[in-house]
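In terms of this note's numbering, the sequence shown opens at residue 181 and continues consecutively. What follows is one structure encoded as structure tokens, with my remarks underneath.
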Amino acid sequence: MQAMRPRRLPPCLLSRAEGGTHSFYGIIKEWIIHGARRAAMKRSFLSLLCVLALCLGLLPATALAAAPGGQMIYVGNENVTRGGYWTTDNDGNVTAYTGEGTPADNFIHYDAGSNTLTLHNATIKEETPYDTSTLIVGAAIGVLNQNGNAELTITLEGTNTIKDVSTAIYVLAPSTGSANLTITGDGILNAISGSNPGIRVQSNTSNGALAITDAKVTASSSGYSDGVRIQCGDSSNASLTVNGGSLTATGSDTLFAGITMQFGSSSGSGTPTVTVSDNAIVRANGSAGGIASYSSSPIQYETGSDSTGGIVFDNGTGTVYGNVTLQEDLEIGEGESLTIGKGASLNTGSHEVIVDGGTLTGGDKITGTVKYAPTITTQPTSQTVTEGGTATFTVVTSGTEPLSYQWQQSTDSGQSWTDIVGATDATYTTEATTTSMNGYQYHCVVRNSAGSITSDAVSLTVKEHVHTWGNPVWSWTEDGKSATATFTCENDATHKETPEVTVTPAVKKPATCTETGVTAYTATVEFNGQTYTDTKEVADIPATGHRYENGKCIVCSEVDPAFTAMIIEGANGKWQKGSEDGLSFTSNAAFDDFQKVQVDGKDLDASKYTVKEGSTIVTLKPSYLETLPAGKHTLAIVSDTGTAETGFTVAAAEKQAADDKPANDKAASDSDKESLAKTGDDSMLPIAALSILAVTSIATGVFALRRSRI
Ligand SMILES: [Zn+2]
Ligand SMILES: [Zn+2]
Numbered sequence: 181m182q183a184m185r186p187r188r189l190p191p192c193l194l195s196r197a198e199g200g201t202h203s204f205y206g207i208i209k210e211w212i213i214h215g216a217r218r219a220a221m222k223r224s225f226l227s228l229l230c231v232l233a234l235c236l237g238l239l240p241a242t243a244l245a246a247a248p249g250g251q252m253i254y255v256g257n258e259n260v261t262r263g264g265y266w267t268t269d270n271d272g273n274v275t276a277y278t279g280e281g282t283p284a285d286n287f288i289h290y291d292a293g294s295n296t297l298t299l300h301n302a303t304i305k306e307e308t309p310y311d312t313s314t315l316i317v318g319a320a321i322g323v324l325n326q327n328g329n330a331e332l333t334i335t336l337e338g339t340n341t342i343k344d345v346s347t348a349i350y351v352l353a354p355s356t357g358s359a360n361l362t363i364t365g366d367g368i369l370n371a372i373s374g375s376n377p378g379i380r381v382q383s384n385t386s387n388g389a390l391a392i393t394d395a396k397v398t399a400s401s402s403g404y405s406d407g408v409r410i411q412c413g414d415s416s417n418a419s420l421t422v423n424g425g426s427l428t429a430t431g432s433d434t435l436f437a438g439i440t441m442q443f444g445s446s447s448g449s450g451t452p453t454v455t456v457s458d459n460a461i462v463r464a465n466g467s468a469g470g471i472a473s474y475s476s477s478p479i480q481y482e483t484g485s486d487s488t489g490g491i492v493f494d495n496g497t498g499t500v501y502g503n504v505t506l507q508e509d510l511e512i513g514e515g516e517s518l519t520i521g522k523g524a525s526l527n528t529g530s531h532e533v534i535v536d537g538g539t540l541t542g543g544d545k546i547t548g549t550v551k552y553a554p555t556i557t558t559q560p561t562s563q564t565v566t567e568g569g570t571a572t573f574t575v576v577t578s579g580t581e582p583l584s585y586q587w588q589q590s591t592d593s594g595q596s597w598t599d600i601v602g603a604t605d606a607t608y609t610t611e612a613t614t615t616s617m618n619g620y621q622y623h624c625v626v627r628n629s630a631g632s633i634t635s636d637a638v639s640l641t642v643k644e645h646v647h648t649w650g651n652p653v654w655s656w657t658e659d660g661k662s663a664t665a666t667f668t669c670e671n672d673a674t675h676k677e678t679p680e681v682t683v684t685p686a687v688k689k690p691a692t693c694t695e696t697g698v699t700a701y702t703a704t705v706e707f708n709g710q711t712y713t714d715t716k717e718v719a720d721i722p723a724t725g726h727r728y729e730n731g732k733c734i735v736c737s738e739v740d741p742a743f744t745a746m747i748i749e750g751a752n753g754k755w756q757k758g759s760e761d762g763l764s765f766t767s768n769a770a771f772d773d774f775q776k777v778q779v780d781g782k783d784l785d786a787s788k789y790t791v792k793e794g795s796t797i798v799t800l801k802p803s804y805l806e807t808l809p810a811g812k813h814t815l816a817i818v819s820d821t822g823t824a825e826t827g828f829t830v831a832a833a834e835k836q837a838a839d840d841k842p843a844n845d846k847a848a849s850d851s852d853k854e855s856l857a858k859t860g861d862d863s864m865l866p867i868a869a870l871s872i873l874a875v876t877s878i879a880t881g882v883f884a885l886r887r888s889r890i
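See below:
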């Protein structure tokens, strides 16, 4: 029932129509139309269609094109021109099959009637020997016709390999006629040549054509040649047709192309044509070009008549021609591109376009799923940190979401990598580093449903921590007697040191009698080879208080408010005129504080007395005293610290004094003299003497009274 698939019917039938059997095609068409209209006849119609399809399937399309006359076909060292079965072994040897029916597996069948060579899981490593033909010697499959067209249809079943030969497939029409190779079937062929093209289709005078239908064909040269070479005569046509399936052609060395189209002996005129249809994919790679043509005319890229197309990758540069529906996922890898050409379209169908390192142009003409594998737009950078610090690595990516990240670490310079648990974001921050991590490498593996990519590996440099101590922060006790100095590492604030501190006091400002003094406490710390100091001043020296001597502070000279200047010796002294001695008075005030002497309230010239230390001893000179009237006088010693006062008496001359002697009681005479002095009149002395007597008697009575009270 495979033949009922609409995709397969048209080429088969159309080829007949094109071949001139229009009426035959018309009959079937009529059958289809009428069959569809008449539901009642549907059953018989289907039966007939099946029979027809079955016949067509059994009779290969090429059956109508029998092998051209004079054509010879070789497989390995076997001439298969007459048809039959051959088997292949694991060594690629081709052996004529002598058994009954069809070999179980790994066989080659040539049907001369249809000119079809079937490869069924065949492996061929044998070359056509020299003695069969000099022209196609070295070919694993060689087709030669020296008198006309050289033609062959190869049908692939399973996976087939041709290798270790000079030429994998060689179809040659050296003299006249065209060269045509058709590879069909759902199988796979891997054709690897040595120093010749993997597949070579050559007409020296006419057209050369390679057609691949549905098959997956890979052709390459392991020596010095093209993957595929299609040669034709000058001014003839070279054509490559891939209708469904795929062709991958790879040239070797620097001089060769994936697919070469050659005209004449090398270059010439003629039309090179590449036709892709039915979602075919052609990949051609070679140093001399993916697809190289030596015609003066450019390569014509065409699509199928039903406008189905295909994709051609010319050294990675992909172009979509016509309308293409993917038959498998299409990956656009690193260095590759895909452009959806004018008037073309791409439907991903049940597959997807995966952009994995390549570029996509005209994506708006794509129907279906396009995924972008992760790309890294910003690579991580190597990091240098100080031990204890952390390092952060970041990768910036693009690609179809969701993207996943996995950072990996290598501790052996990138030889092996292990996942870092939990490091699954675009950014990874290490734990606190240690010097043992110096030289570790990191990279990130980024994944999504379209693929994965690994970032650049970057390294971590961990420098040993070096403390950098600045100036300390000082902390004092309130009394200034102790202090601490705290050093903090500028490279890591958690590093602190508080070395021992020595505090030395010094008097900054001494205390005075009334004001407290100040102590300067100097804290000193030795650290890291340096000496640091800090000073705190505390007013902690108590005032000394005054130290009074003789009523005055010997420190600050302040007068003692409690001091009373007084005559402590010589108070109420008496001096008799005529006496040669002076009259002395002693003040308790200090000699240094002495200012002046006053007698009877008047300042006394310094020439009239002497003064000396002890504390202050003032002696009125006799010459001065002589000038004073007899009687009572007052004397004051004025000092800084106060005035000491007393009275004194000047008595008359000795002669008169003798008269007074009986009454010479000290107290009585004082009062006598006082009254006398106050008179200030010497002429009154007799009267005064009388008065003294009277007063003395009174005073004596008073004195007696005082004593009795004691
Ligand atoms: Zn530190
Ligand atoms: Zn003082």
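Ideal Cβ placement from N, Cα and C applies to all residues, glycine included.
- [ ] Give the DSSP bridge partners of aspartate 783, in chain order.
- [x] Gln778
- [ ] Could you name the residues that DSSP lists as bridge partners for cysteine 736?
- [x] Cysteine 736 is not bridged to any residue.
Task: Residues proximal to ligand 2 by C-beta, any heavy atom closer than 6 angstroms - done: With the criterion CB distance below 6 angstroms from any heavy atom of ligand 2, the matching residues run Cys693, His726, Cys733, Val735, Cys736 and Glu738 along the chain.
Open item on the list: Alpha carbons only, please: which of Ser375, Ser401 and Tyr350 is nearest the one belonging to alanine 389?
Closed with: Tyr350
TODO: With DSSP collapsed to three states, give me the class of aspartate 366.
DONE: coil
Task: In DSSP terms, what phenylalanine 287 is bridged to - done: Thr267 and His300
TODO: Could you give the DSSP three-state label for glycine 444: helix, strand or coil?
DONE: coil
TODO: Reducing DSSP to helix, strand and coil, say where methionine 617 ends up.
DONE: helix
Open item on the list: Would you say the beta carbon of cysteine 669 is closer than 7 angstroms to some non-hydrogen atom of ligand 1?
Closed with: yes
- [ ] Verify the contact flag: histidine 623, CB atom, against every heavy atom of ligand 1, threshold strictly below 7 angstroms.
- [x] no
TODO: Assign aspartate 544 to one of three DSSP states: helix, strand, or coil.
DONE: helix
Open item on the list: With H, G and I counted as helix, E and B as strand and the rest as coil, what does DSSP make of leucine 805?
Closed with: helix
Task: Where the beta strand (DSSP E) containing glycine 141 begins and where it ends - done: Outside the shown range of the chain (181 to 890) lies residue 141, about which nothing can therefore be said.
Task: Among Lys551, Gly537 and Val422, nearest to glycine 490 - alpha-carbon criterion - done: Val422
Open item on the list: For ligand 1, I want to know if aspartate 636 counts as a neighbour, meaning its beta carbon is within less than 7 angstroms of at least one of the ligand's heavy atoms.
Closed with: no
Open item on the list: With distance defined between alpha-carbon atoms, name the residue in Thr713, Ser405 and Ser596 nearest to asparagine 651.
Closed with: Thr713
Open item on the list: In the DSSP assignment, the beta strand (DSSP E) including threonine 451 goes from what residue to what residue?
Closed with: 451–457
TODO: For the beta strand (DSSP E) containing aspartate 642, list its first residue and its last residue.
DONE: A small correction: the amino acid at residue 642 is valine; aspartate does not occupy that position in the sequence shown. Valine 642 -> beta strand (DSSP E) spans 638–643.
- [ ] Could you tell me whether the Cβ atoms of asparagine 752 and glycine 697 are closer together than 8 angstroms?
- [x] no
TODO: Counting only the same chain and skipping the five closest in sequence on each side, list residues whose C-beta sits under 6 angstroms from that of alanine 816.
DONE: Gln778, Thr823 and Glu825
Open item on the list: Rounding to the nearest angstrom, what Cα-Cα distance links glutamate 280 and glycine 264 in this structure?
Closed with: 11 angstroms
- [ ] Compute the Euclidean distance between the alpha carbons of asparagine 286 and isoleucine 304, then round it to the nearest angstrom.
- [x] Asparagine 286 and isoleucine 304: Cα-Cα distance of roughly 10 angstroms.
Task: CB-CB length for tyrosine 404 against isoleucine 316, believed under 8 angstroms - done: Not a contact, Cβ separation roughly 19 angstroms.
Task: Cβ pair count under 8 angstroms reaching 3, the segment 290–305 against the segment 331–344 - done: yes
TODO: With a threshold of 7 angstroms, establish whether the CB of aspartate 714 neighbours any heavy atom of ligand 1.
DONE: no
Open item on the list: Does the beta-carbon of aspartate 536, which I'm using as the reference point, lie nearer than 7 angstroms to any heavy atom of ligand 4?
Closed with: What this structure holds is ligand 1 and ligand 2, not ligand 4.
Open item on the list: Measuring straight from C-alpha to C-alpha, what distance separates phenylalanine 765 and glutamate 749?
Closed with: Taking the straight line from one Cα to the other gives about 6 angstroms.
Open item on the list: I want to know whether the segment 577–584 touches the segment 640–659 - three or more CB-CB distances under 8 angstroms.
Closed with: no
TODO: Look up phenylalanine 743 in the DSSP assignment and say whether it is helix, strand or coil.
DONE: Note: phenylalanine 743 maps to coil in three-state DSSP.
Task: Euclidean distance between Cα positions of lysine 343 and serine 632 - done: 34 angstroms
TODO: Following the continuous beta strand (DSSP E) through alanine 348, name the residue where it begins and the one where it ends.
DONE: 347–353
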